[in-house]
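A short worksheet on the structure shown next.
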Amino acid sequence: MKILKGYVKNPHRPEASIVERYVAEEAVEFCTEYLSRAKSVGLPKSRHVGRSPGKGTLGGRMKSVDREELLQAHLYILTNTPEVQPYLDTHRRLIKEKNPRKAERWLVNEHNKTFISWFKNEVANCPSASNTVSWLAAGPNFDIISWRGYDINGYSFYTKERDEKSTMQNSGVSVEAESMHFSSAKDKNPLCASSSYFGIIEEIWELNYVKFTVPVFKCKWVDSNNGVKVDELGFTLVDFRKVGYKNEPFIMASQAKQVFYVIDPSNENCSVVLHGKRQVSDDDKNDLTIDVSEFPSTRSRITVENEEVERDDSLFGEKRTRLVFLSTTLVNDLKFSQVIDSENNAKDTNEKFLKEREDHQKTWQDRAEKETELIRLKELHASEVSRLEKEKTDFGTLMHNRGVEAGKELGKEEFENSEEMERDIEMNTCLNL
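Quick note, the sequence shown lines up with residues 0 to 432 if you use numbering that gives the first Met the number 0.
Structure below.
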C-alpha cells in the first residue's frame, strides 16, 4: 500500500493518479524488453545477461587429457568453423582425385585421419591466412580447463556427475546436425540428412588456442537409429541403454540446446524428452517485432515523459495521454489477447491430451489384463503337466514292484518243481537197483 500511496500526485483524484502511474510503469517496463542495456525496475538481473558467449561457473581446474580425445575435439571444432570450410572442401577434393575408385565411407575416414596435419602444413605455407585460422591450425594446448557447470546461450549446463548431487537436471543436451548415412560399407551414394541427437553431458572442456578458448561438451549420445522413437502421442522417447557415436562424443557448447529427460511410466527403460527454456531473450528468433518507425526515439520519449511527470502533478496532459494510450494499446492488444489465446489453446490441447492419455491407459490396462490371464493359464498348464508327470512316475514304480513280486513267485515255483524232479529221479534209481 505504501508504494501505491506514493503514486498519488493529485490528492483530489487519488484513484486516477494511482491507475495512471501504475499503467505508465507497466508500459515503460514492457518497452525496456526491446532496448539494449536497459535496467528493469524491481526485478533482479538475470545471471545469463552478458554470458551468451559462455562462462564457466563450477569446478574450473586444469587437467591433461588423452591425445586421441583432444584430437577428436579439435577436429570437430575445425569442421564446424566457417573460416576453415574452404580448406575442408579442398582437402576432400584432393583425396577424391587421388583415390577415384574408393568408396565414399573410405574417403570420409581418410579425410578425418589426415585433415589436421594437412591443414597445419597448408596454413604454414599461406601467409595470407587470418589470425583465427593460424591459431586453429597450430592446435590446442594439451592442458585444458575442465568445468562442472557452464552458462552459454541462456542455458545453465551441468555435467552428469554434478547433476547427481543436485535437485535439478541440467545435463541433458540435444543438437541439430547434418550427417552422412551409409546403407553399407560399399555404399557409393550416402544420404546427407539433418536430424536431432540426444545425449548427456559427461565432461565440459575449454580448449586453449592461446588467443582464444573454445568450450566443448563431451557427451554420451543415444543411437538415433535404435534408441530414439516417437510414440503415438507425439512424445520423443530415448533409451540410454543403446549408446552410439562413441568416436564422435564432442559438440561445441554454442551448438547445444538443453533438454530434460523424464522416465516414461509405461516403460522404465525409456525417457521422455522435454525441451528446455532459455533464460534470456537476447537475439531470440521468437521475439515479437514491433514497428516503431513512426514514433520518435524511445529513449528520448522516456526522458521527456519523466520530465513531464515531475512537472505535471495531475498526470494529465497531451504527452501523458499519448503514453497512457500507447501503454493501454500495447497491454490490451498484445499482452492480454496473447494470454487469452494461449489459455484457450492450452485448454484445447490439455483436453485432447487427457483424452489421448485416457485411451492410451485403457489400452495398456487391457493389455495388462490379457497378460495376467495368459500368465494364469501358463501356471495352470504347468501344474497339470506336473501332476501328469507325478502320476506317470507313480505308475512306473507300481509296475516295477509288481514285476519284482511276480518274478519272485515264479522263481519259487521253479525251485519247488526242480526239487520234486530230483526226488523222482532218486526214487527211480533206487527201484532200478
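Ideal Cβ placement from N, Cα and C applies to all residues, glycine included.
Residues sharing a beta bridge with residue i, DSSP
i, result
"Leu-236", "Lys-228, Val-271"
"Gln-257", "Val-172"
"Arg-91", "The partner list for Arg-91 (beta bridge, DSSP) is empty, contrary to what the question assumes."
"Gly-148", "Leu-57, Tyr-157"
"Phe-249", "Lys-217"
"Asp-263", "Asn-266"
"Ser-133", "Answer is none; Ser-133 lacks a bridge partner."
"Ile-374", "Beta-bridge pairing links Ile-374 to no other residue."
"Lys-62", "Ile-143"
"Phe-197", "Ser-173"
"Glu-14", "For Glu-14, which the question treats as bridged, DSSP gives no partner whatsoever."
Reference residue i, options the options, closest by Cα
i, options, result
"Leu-74", "Val-209, Ala-137, Ala-405", "Ala-137"
"Val-122", "Asn-140, Asn-207, His-110, Leu-135", "Leu-135"
"Ile-143", "Ile-203, Ser-385, Asn-266", "Ile-203"
"Thr-89", "Glu-67, Thr-113, Leu-70, Trp-105", "Thr-113"
"Gly-58", "Glu-109, Val-27, Phe-156", "Phe-156"
"Lys-54", "Lys-228, Val-213, Met-426, Lys-391", "Val-213"
"His-274", "Glu-231, Tyr-154, Arg-366", "Tyr-154"
"Ile-199", "Val-83, Val-242, Glu-67", "Val-242"
"Arg-147", "Val-132, Leu-3, Ile-94, Met-61", "Met-61"
"Ser-63", "Phe-141, Lys-101, Glu-82, Val-132", "Phe-141"
"Ser-223", "Lys-95, Lys-217, Phe-197", "Phe-197"
"Ala-252", "Ile-2, Phe-234, Leu-206", "Leu-206"
"Lys-159", "Ala-102, Leu-3, Val-209, Trp-220", "Trp-220"
"Lys-256", "Asp-230, Val-174, Lys-210", "Val-174"
"Leu-87", "Glu-96, Arg-66, Val-229, Phe-118", "Phe-118"
Simplified DSSP state of residue i, which is helix, strand or coil
i, result
"Tyr-154", "strand"
"Met-420", "helix"
"Gly-138", "coil"
"Asn-120", "helix"
"Asn-207", "strand"
"Val-107", "helix"
"Glu-163", "coil"
"Val-242", "strand"
"Thr-80", "coil"
Contact with chain C by residue i, beta-carbon distance below 7 Å
i, result
"Asn-207", "No chain C is present in this structure, which holds just one protein chain."
Neighbourhood of residue i by C-beta distance below 7 Å, restricted to the same chain and skipping five residues each side
i, result
"Asp-263", "Leu-236, Cys-269, Ser-270, Val-271"
"Ser-16", "Tyr-6, Val-7, Lys-8, Asn-9, Leu-314"
"Val-132", "Glu-82, Val-83, Val-122"
"Met-398", "none"
Residue burial classification, residue i (beta-carbon count within 10 angstroms, cutoff 16)
i, result
"Trp-363", "exposed"
"Asn-152", "buried"
"Arg-401", "exposed"
"Ile-76", "buried"
"Lys-334", "Reliability of the predicted coordinates at Lys-334 is poor, the pLDDT of 45 falling under 50, and the value obtained from them is presented with this limitation in mind. Exposed, because fewer than 16 other Cβ atoms sit within 10 Å of the Cβ of Lys-334."
"Glu-413", "exposed"
Own chain residues within Cβ distance below 6 Å of residue i, not counting five before or after
i, result
"Leu-70", "none"
"Glu-109", "Ile-94"
8 Å Cβ shell around residue i - same chain, five flanking residues per side excluded
i, result
"Asn-246", "Gln-71"
"Asp-162", "Gln-168, Asn-169, Ser-170"
"Thr-56", "Trp-146, Gly-148, Tyr-149, Asp-150, Ser-155"
"Val-172", "Phe-156, Phe-197, Gly-198, Ile-199, Ile-200, Phe-216, Cys-218, Ile-250, Ala-255, Lys-256, Gln-257, Val-258"
"Ile-115", "Leu-70, His-73, Leu-74, Leu-77, Gly-138"
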